[in-house]
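Everything on this sheet refers to the single structure shown next.
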Amino acid sequence: MGARSDGARTMTRLPLALTMGDPAGIGPEITAGAWRALREGGAVFAWLGDPACLPSSLPVKEIETIEEATSVFSDALPVLPLCLSVPVRAGEPDSTNGQTVIDSIARAVELAKAGVAGGVVTNPISKAVLRRAGFPHPGHTEFLAELCHVPGREVMMLASPMLRVVPVTIHVSLREALDTLNEDMIVETGLTTALALKQDFGIARPRLAVAGLNPHAGEDGMMGREEIDMIIPAIERLRAKGVDVMGPMPPDTMFTESARQKYDAALCMYHDQALIPIKTLDMAHGVNATLGLPIVRTSPDHGTAFDIAGKGIAEATSLVAALRLASVLSENRLNYKEGLPS
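Sequential numbering of the sequence shown, starting at 1, is according to the working numbering.
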(Lines of atoms letter the chains of each structure in order from A and count residues from 1; the text may use other names and numbers.)
(Lines give C-alpha, C1' and ligand atoms only; values in the text may rest on other atoms or scores of the structure.)
Protein backbone atom coordinates (compact mmCIF):
# COMPACT_ATOMS: atom_id res chain seq x y z
CA MET A 1 0.00 0.00 0.00
CA GLY A 2 2.93 2.35 -0.45
CA ALA A 3 4.29 4.65 2.24
CA ARG A 4 2.98 4.08 5.73
CA SER A 5 2.03 6.48 8.51
CA ASP A 6 2.21 4.28 11.60
CA GLY A 7 2.81 6.78 14.36
CA ALA A 8 6.56 6.10 14.67
CA ARG A 9 7.56 9.50 13.27
CA THR A 10 8.25 12.70 15.17
CA MET A 11 5.16 13.93 17.02
CA THR A 12 3.32 17.01 15.83
CA ARG A 13 4.60 20.41 16.95
CA LEU A 14 1.22 21.27 18.45
CA PRO A 15 -0.89 19.39 21.02
CA LEU A 16 -4.03 17.68 19.80
CA ALA A 17 -7.54 18.53 21.01
CA LEU A 18 -9.37 15.40 22.21
CA THR A 19 -13.11 15.83 22.63
CA MET A 20 -15.12 14.46 25.54
CA GLY A 21 -17.51 12.24 23.59
CA ASP A 22 -20.51 10.89 25.44
CA PRO A 23 -19.44 10.98 29.10
CA ALA A 24 -21.61 7.97 29.97
CA GLY A 25 -19.78 5.84 27.43
CA ILE A 26 -16.24 4.50 27.44
CA GLY A 27 -14.73 7.84 26.40
CA PRO A 28 -13.42 8.78 29.88
CA GLU A 29 -11.88 5.32 30.38
CA ILE A 30 -10.14 5.12 27.04
CA THR A 31 -8.95 8.72 27.42
CA ALA A 32 -7.22 7.67 30.63
CA GLY A 33 -5.78 4.62 28.90
CA ALA A 34 -4.56 6.69 25.97
CA TRP A 35 -2.79 9.15 28.27
CA ARG A 36 -1.04 6.31 30.08
CA ALA A 37 0.05 4.80 26.76
CA LEU A 38 1.30 8.08 25.28
CA ARG A 39 2.57 10.09 28.25
CA GLU A 40 6.19 9.24 27.48
CA GLY A 41 5.99 9.94 23.75
CA GLY A 42 3.84 9.53 20.65
CA ALA A 43 1.28 12.33 20.78
CA VAL A 44 0.54 15.13 23.23
CA PHE A 45 -3.14 15.99 23.71
CA ALA A 46 -5.52 17.92 25.91
CA TRP A 47 -8.97 16.57 26.81
CA LEU A 48 -11.95 18.92 26.53
CA GLY A 49 -14.50 17.83 29.11
CA ASP A 50 -15.66 17.63 32.69
CA PRO A 51 -12.89 16.29 34.97
CA ALA A 52 -15.53 14.86 37.30
CA CYS A 53 -16.28 11.99 34.89
CA LEU A 54 -12.66 10.85 34.59
CA PRO A 55 -11.38 7.88 36.64
CA SER A 56 -10.52 9.08 40.15
CA SER A 57 -7.09 7.39 40.01
CA LEU A 58 -6.03 9.46 36.99
CA PRO A 59 -3.69 12.42 37.61
CA VAL A 60 -5.38 15.45 36.05
CA LYS A 61 -4.20 19.03 35.50
CA GLU A 62 -6.74 21.67 34.53
CA ILE A 63 -5.26 24.16 32.08
CA GLU A 64 -6.44 27.49 30.68
CA THR A 65 -4.89 27.23 27.21
CA ILE A 66 -4.07 24.21 25.09
CA GLU A 67 -0.49 25.43 24.74
CA GLU A 68 0.04 24.43 28.39
CA ALA A 69 -0.60 20.76 27.54
CA THR A 70 2.93 20.11 26.34
CA SER A 71 4.60 21.06 29.61
CA VAL A 72 2.27 19.02 31.87
CA PHE A 73 1.52 15.99 29.69
CA SER A 74 4.18 13.66 31.07
CA ASP A 75 2.89 14.12 34.64
CA ALA A 76 -0.88 14.50 34.26
CA LEU A 77 -3.67 14.51 31.72
CA PRO A 78 -4.18 18.14 30.62
CA VAL A 79 -7.87 19.10 30.75
CA LEU A 80 -9.60 22.14 29.29
CA PRO A 81 -12.63 21.98 31.61
CA LEU A 82 -16.23 22.00 30.44
CA CYS A 83 -18.99 21.50 33.01
CA LEU A 84 -21.74 18.94 32.48
CA SER A 85 -25.32 19.84 33.33
CA VAL A 86 -26.01 16.73 35.42
CA PRO A 87 -23.80 14.08 37.07
CA VAL A 88 -22.82 11.12 34.92
CA ARG A 89 -23.66 7.48 35.54
CA ALA A 90 -21.59 5.14 33.41
CA GLY A 91 -23.69 3.29 30.86
CA GLU A 92 -26.70 5.57 31.35
CA PRO A 93 -26.57 8.36 28.74
CA ASP A 94 -28.49 11.55 29.45
CA SER A 95 -29.39 13.99 26.66
CA THR A 96 -29.33 16.78 29.26
CA ASN A 97 -25.55 16.68 28.88
CA GLY A 98 -25.79 16.75 25.11
CA GLN A 99 -24.99 20.44 24.72
CA THR A 100 -21.71 20.08 26.61
CA VAL A 101 -20.76 17.19 24.31
CA ILE A 102 -21.51 19.40 21.31
CA ASP A 103 -19.60 22.32 22.85
CA SER A 104 -16.55 20.11 23.29
CA ILE A 105 -16.49 19.32 19.58
CA ALA A 106 -17.01 22.94 18.58
CA ARG A 107 -14.24 24.20 20.86
CA ALA A 108 -11.79 21.58 19.61
CA VAL A 109 -12.44 22.68 16.04
CA GLU A 110 -11.95 26.32 17.03
CA LEU A 111 -8.54 25.48 18.53
CA ALA A 112 -7.47 23.62 15.39
CA LYS A 113 -8.72 26.36 13.07
CA ALA A 114 -6.88 28.95 15.17
CA GLY A 115 -3.65 27.03 14.67
CA VAL A 116 -3.02 26.30 18.36
CA ALA A 117 -4.05 22.62 18.15
CA GLY A 118 -2.43 20.26 15.69
CA GLY A 119 -5.74 18.55 14.99
CA VAL A 120 -8.98 17.23 16.47
CA VAL A 121 -9.50 13.69 17.76
CA THR A 122 -13.06 12.85 18.69
CA ASN A 123 -14.21 10.41 21.34
CA PRO A 124 -17.35 8.40 20.45
CA ILE A 125 -20.76 10.05 20.62
CA SER A 126 -24.27 8.63 20.57
CA LYS A 127 -26.17 10.08 17.64
CA ALA A 128 -29.49 9.10 19.22
CA VAL A 129 -28.66 10.85 22.51
CA LEU A 130 -27.51 14.01 20.76
CA ARG A 131 -30.56 13.96 18.51
CA ARG A 132 -32.71 14.27 21.63
CA ALA A 133 -30.58 17.27 22.60
CA GLY A 134 -31.36 18.99 19.29
CA PHE A 135 -28.30 17.90 17.30
CA PRO A 136 -29.43 17.90 13.64
CA HIS A 137 -26.47 16.14 12.03
CA PRO A 138 -26.10 12.43 11.10
CA GLY A 139 -22.77 12.31 12.93
CA HIS A 140 -19.44 13.92 13.68
CA THR A 141 -18.34 14.12 10.06
CA GLU A 142 -21.13 16.35 8.82
CA PHE A 143 -20.97 18.58 11.92
CA LEU A 144 -17.23 19.08 11.50
CA ALA A 145 -17.70 20.06 7.87
CA GLU A 146 -20.26 22.67 8.92
CA LEU A 147 -17.98 24.04 11.64
CA CYS A 148 -15.19 24.29 9.06
CA HIS A 149 -17.52 25.98 6.54
CA VAL A 150 -17.05 23.24 3.92
CA PRO A 151 -20.36 21.31 4.05
CA GLY A 152 -20.59 18.65 1.38
CA ARG A 153 -16.82 18.41 0.90
CA GLU A 154 -16.20 16.02 3.78
CA VAL A 155 -14.96 12.52 2.96
CA MET A 156 -14.70 9.65 5.45
CA MET A 157 -11.66 7.41 5.41
CA LEU A 158 -11.10 4.37 7.60
CA ALA A 159 -7.38 3.70 7.90
CA SER A 160 -5.31 0.95 9.50
CA PRO A 161 -1.82 -0.45 8.87
CA MET A 162 -3.45 -3.09 6.64
CA LEU A 163 -5.94 -1.10 4.57
CA ARG A 164 -7.39 2.34 3.82
CA VAL A 165 -10.97 2.59 2.56
CA VAL A 166 -13.17 5.50 1.52
CA PRO A 167 -16.94 5.09 1.01
CA VAL A 168 -18.41 7.45 -1.59
CA THR A 169 -21.82 7.38 0.09
CA ILE A 170 -21.75 7.30 3.88
CA HIS A 171 -24.50 7.46 6.51
CA VAL A 172 -27.53 6.68 4.37
CA SER A 173 -29.56 3.54 3.77
CA LEU A 174 -28.40 1.16 1.06
CA ARG A 175 -31.45 2.12 -1.02
CA GLU A 176 -30.61 5.83 -0.74
CA ALA A 177 -26.96 5.11 -1.50
CA LEU A 178 -27.93 3.37 -4.73
CA ASP A 179 -30.30 6.18 -5.66
CA THR A 180 -27.87 9.03 -4.96
CA LEU A 181 -24.56 7.57 -6.16
CA ASN A 182 -23.39 9.33 -9.32
CA GLU A 183 -20.34 9.97 -11.45
CA ASP A 184 -19.59 13.41 -10.01
CA MET A 185 -19.61 12.05 -6.44
CA ILE A 186 -17.07 9.39 -7.37
CA VAL A 187 -14.81 11.93 -9.06
CA GLU A 188 -14.93 14.45 -6.21
CA THR A 189 -14.34 11.77 -3.59
CA GLY A 190 -11.43 10.40 -5.60
CA LEU A 191 -9.80 13.83 -5.95
CA THR A 192 -10.19 14.58 -2.24
CA THR A 193 -8.72 11.19 -1.34
CA ALA A 194 -5.75 11.56 -3.69
CA LEU A 195 -4.91 14.99 -2.26
CA ALA A 196 -5.20 13.73 1.33
CA LEU A 197 -2.89 10.82 0.60
CA LYS A 198 -0.31 13.35 -0.60
CA GLN A 199 -0.60 16.12 1.98
CA ASP A 200 -1.59 14.13 5.06
CA PHE A 201 -0.22 10.62 4.54
CA GLY A 202 2.97 11.68 2.78
CA ILE A 203 2.48 9.47 -0.30
CA ALA A 204 4.03 11.27 -3.26
CA ARG A 205 2.24 9.24 -5.97
CA PRO A 206 -0.94 7.82 -4.45
CA ARG A 207 -2.70 4.89 -6.10
CA LEU A 208 -6.46 4.47 -5.89
CA ALA A 209 -8.48 1.33 -6.50
CA VAL A 210 -12.17 1.81 -7.32
CA ALA A 211 -14.64 -0.90 -6.37
CA GLY A 212 -17.42 -1.97 -8.67
CA LEU A 213 -20.97 -1.72 -7.40
CA ASN A 214 -22.30 -5.02 -8.71
CA PRO A 215 -21.10 -8.64 -8.40
CA HIS A 216 -18.00 -9.23 -10.55
CA ALA A 217 -17.96 -5.45 -11.20
CA GLY A 218 -20.97 -5.89 -13.46
CA GLU A 219 -19.50 -8.63 -15.68
CA ASP A 220 -19.53 -6.32 -18.75
CA GLY A 221 -23.10 -5.26 -18.08
CA MET A 222 -24.54 -8.71 -17.49
CA MET A 223 -25.01 -8.02 -13.76
CA GLY A 224 -25.73 -4.32 -13.91
CA ARG A 225 -24.71 -1.30 -15.96
CA GLU A 226 -23.54 1.06 -13.21
CA GLU A 227 -19.91 0.23 -13.93
CA ILE A 228 -20.32 1.02 -17.64
CA ASP A 229 -22.56 4.05 -17.29
CA MET A 230 -21.11 5.69 -14.17
CA ILE A 231 -18.01 4.18 -12.57
CA ILE A 232 -15.78 3.76 -15.64
CA PRO A 233 -16.51 7.32 -16.86
CA ALA A 234 -15.59 8.58 -13.37
CA ILE A 235 -12.32 6.63 -13.46
CA GLU A 236 -11.51 8.11 -16.87
CA ARG A 237 -12.12 11.62 -15.55
CA LEU A 238 -9.87 10.97 -12.56
CA ARG A 239 -7.10 9.71 -14.83
CA ALA A 240 -7.49 12.80 -16.99
CA LYS A 241 -6.83 14.87 -13.85
CA GLY A 242 -3.61 12.97 -13.17
CA VAL A 243 -4.83 10.48 -10.56
CA ASP A 244 -3.35 6.99 -10.67
CA VAL A 245 -6.49 4.89 -10.43
CA MET A 246 -7.40 1.29 -11.23
CA GLY A 247 -10.76 -0.40 -11.58
CA PRO A 248 -13.57 -0.99 -11.36
CA MET A 249 -12.43 -3.98 -9.34
CA PRO A 250 -14.68 -6.85 -8.25
CA PRO A 251 -15.48 -6.11 -4.59
CA ASP A 252 -15.16 -9.76 -3.57
CA THR A 253 -11.47 -10.01 -4.53
CA MET A 254 -10.00 -6.50 -4.20
CA PHE A 255 -9.32 -6.82 -0.46
CA THR A 256 -7.16 -9.94 -0.58
CA GLU A 257 -3.61 -9.57 0.71
CA SER A 258 -2.06 -9.60 -2.76
CA ALA A 259 -4.60 -7.13 -4.19
CA ARG A 260 -4.07 -4.66 -1.33
CA GLN A 261 -0.40 -4.28 -2.24
CA LYS A 262 -1.39 -2.61 -5.52
CA TYR A 263 -3.11 0.47 -4.11
CA ASP A 264 -2.93 2.99 -1.27
CA ALA A 265 -6.66 3.45 -0.73
CA ALA A 266 -9.82 1.74 -1.93
CA LEU A 267 -12.72 3.88 -3.13
CA CYS A 268 -15.94 2.03 -2.31
CA MET A 269 -19.46 2.77 -3.44
CA TYR A 270 -21.31 2.46 -0.12
CA HIS A 271 -20.71 2.31 3.63
CA ASP A 272 -20.59 -1.43 4.34
CA GLN A 273 -18.62 -2.22 1.18
CA ALA A 274 -15.81 -0.17 2.74
CA LEU A 275 -16.18 -0.86 6.44
CA ILE A 276 -16.73 -4.61 6.47
CA PRO A 277 -13.27 -5.47 5.05
CA ILE A 278 -11.30 -3.06 7.24
CA LYS A 279 -13.12 -4.02 10.43
CA THR A 280 -12.66 -7.68 9.59
CA LEU A 281 -8.95 -7.25 8.90
CA ASP A 282 -7.97 -4.85 11.67
CA MET A 283 -10.76 -3.72 13.99
CA ALA A 284 -8.44 -2.82 16.87
CA HIS A 285 -6.23 -0.43 14.92
CA GLY A 286 -8.80 1.11 12.58
CA VAL A 287 -9.00 4.90 12.64
CA ASN A 288 -11.67 7.17 11.17
CA ALA A 289 -10.10 10.18 9.41
CA THR A 290 -12.15 12.96 7.86
CA LEU A 291 -10.68 14.18 4.59
CA GLY A 292 -11.56 17.41 2.80
CA LEU A 293 -11.39 19.61 5.91
CA PRO A 294 -8.97 22.49 6.53
CA ILE A 295 -8.03 20.74 9.80
CA VAL A 296 -6.84 17.25 10.72
CA ARG A 297 -9.50 15.07 12.35
CA THR A 298 -9.39 11.44 13.42
CA SER A 299 -11.42 9.23 15.75
CA PRO A 300 -11.40 5.66 17.04
CA ASP A 301 -13.30 3.21 14.88
CA HIS A 302 -15.87 2.17 17.49
CA GLY A 303 -18.83 3.55 19.39
CA THR A 304 -19.72 4.56 22.93
CA ALA A 305 -20.05 0.96 24.21
CA PHE A 306 -22.53 1.88 26.94
CA ASP A 307 -22.84 -1.81 27.82
CA ILE A 308 -19.28 -1.99 29.18
CA ALA A 309 -18.81 1.62 30.32
CA GLY A 310 -17.52 1.94 33.87
CA LYS A 311 -16.50 -1.72 34.12
CA GLY A 312 -12.80 -1.08 33.54
CA ILE A 313 -12.55 -3.41 30.55
CA ALA A 314 -12.65 -0.94 27.64
CA GLU A 315 -9.47 -0.96 25.56
CA ALA A 316 -7.88 2.27 24.39
CA THR A 317 -6.12 0.68 21.40
CA SER A 318 -8.16 2.42 18.69
CA LEU A 319 -8.05 5.81 20.43
CA VAL A 320 -4.28 5.53 20.82
CA ALA A 321 -4.06 4.74 17.10
CA ALA A 322 -6.29 7.74 16.31
CA LEU A 323 -4.11 10.08 18.39
CA ARG A 324 -0.91 8.76 16.87
CA LEU A 325 -2.29 9.04 13.35
CA ALA A 326 -3.56 12.59 13.95
CA SER A 327 -0.09 13.54 15.15
CA VAL A 328 1.50 12.13 12.01
CA LEU A 329 -1.10 13.66 9.68
CA SER A 330 -0.64 17.06 11.29
CA GLU A 331 3.12 16.91 10.88
CA ASN A 332 2.83 15.71 7.29
CA ARG A 333 0.36 18.48 6.44
CA LEU A 334 2.70 21.13 7.87
CA ASN A 335 5.59 19.68 5.88
CA TYR A 336 3.46 19.60 2.72
CA LYS A 337 2.52 23.25 3.11
CA GLU A 338 6.14 24.17 3.69
CA GLY A 339 7.38 22.04 0.77
CA LEU A 340 9.35 19.71 3.03
CA PRO A 341 9.64 15.94 2.59
CA SER A 342 7.26 13.88 4.73
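Just so you know, even glycine gets a beta-carbon here, dropped at the ideal spot from N, CA and C.
Practice prompt. Could you name the residues of the same chain whose beta carbon sits closer than 6 Å to that of residue 255, not counting the 5 residues immediately before and after it, in chain order?
Written response: 277
Discussion item. I need the DSSP call for residue 175, collapsed to helix, strand or coil.
Written reply: helix
Discussion item. I'd like to check one pair, residue 123 with residue 19: are the Cβ atoms closer than 7 Å?
Written reply: yes
Worksheet item: residue 42 to residue 296, Cα distance in whole Å?
Response: 17 Å
Fill in: Endpoints, beta strand (DSSP E) assigned at residue 246
244-249
Worksheet item: From which residue to which residue does the beta strand (DSSP E) around residue 288 run?
Response: 287-291
Practice prompt. For residue 92, verify whether its CB is less than 6 Å away from any heavy atom of the ligand SAM.
Written response: In terms of ligand content, the structure shown is empty, and the ligand SAM therefore cannot be addressed.
Fill in: Nearest neighbour of residue 45, chosen from 314, 15, 112 [CA to CA]
15
Practice prompt. Locate the alpha helix (DSSP H) running through residue 297, then write down its first and last residues.
Written response: That residue, residue 297, is in no alpha helix (DSSP H); its beta strand (DSSP E) goes 297-300.
Worksheet entry | Euclidean distance between Cα positions of residue 233 and residue 182 | 10 Å
Worksheet item: At what residues does the alpha helix (DSSP H) containing residue 280 begin and finish?
Response: 271-282
Discussion item. Just to confirm the assignment: which complete alpha helix (DSSP H) runs, minimum length 4, are found wholly within the stretch 15-91?
Written reply: 27-38, 69-72
Fill in: Proximity to residue 121 [Cα-Cα], best of 34, 241, 217, 313
34
Worksheet item: Of the residues 119, 100, 338, which one's Cα is nearest the Cα of residue 133?
Response: 100
Worksheet item: Can you tell me whether DSSP reads residue 333 as helix, strand or coil?
Response: helix
Worksheet item: Quick one, are the C-beta atoms of residue 57 and residue 304 less than 7 Å apart?
Response: no
Worksheet item: Taking residue 30 as the reference, which of 329, 166, 306 has the closest Cα?
Response: 306
Worksheet item: Does the pairing of the stretch 310-329 with the stretch 172-190 give three or more beta-carbon distances under 8 Å?
Response: no
Discussion item. Taking the alpha carbon of residue 326 as the reference point, which residue from 301, 55, 156, 289 has its own alpha carbon closest?
Written reply: 289
Discussion item. Residues in the same chain with beta-carbon distance under 6 Å from residue 13, minus the five sequence neighbours each way, listed in chain order, please.
Written reply: none
Practice prompt. Return the chain-ordered list of same chain residues with a C-beta closer than 6 Å to the C-beta of residue 322, the five sequence neighbours on each side being excluded.
Written response: 121, 287, 298, 299, 300
Practice prompt. Can you check the stretch 212-246 for any alpha helix (DSSP H) of at least 4 residues that lies completely inside it and give the ranges in chain order?
Written response: 232-240
Worksheet item: Are residue 32 and residue 59 touching if we call contact CB-CB under 7 Å?
Response: no
Worksheet item: Nearest to residue 211 by alpha carbon, out of 188, 229, 246?
Response: 246
Worksheet entry | residue 89 versus 141, 81, 118, 27, residue with shortest Cα-Cα distance | 27
Worksheet item: Among residues of its own chain, excluding the 5 on either side of residue 338, which ones have a beta-carbon nearer than 8 Å to its beta-carbon?
Response: none
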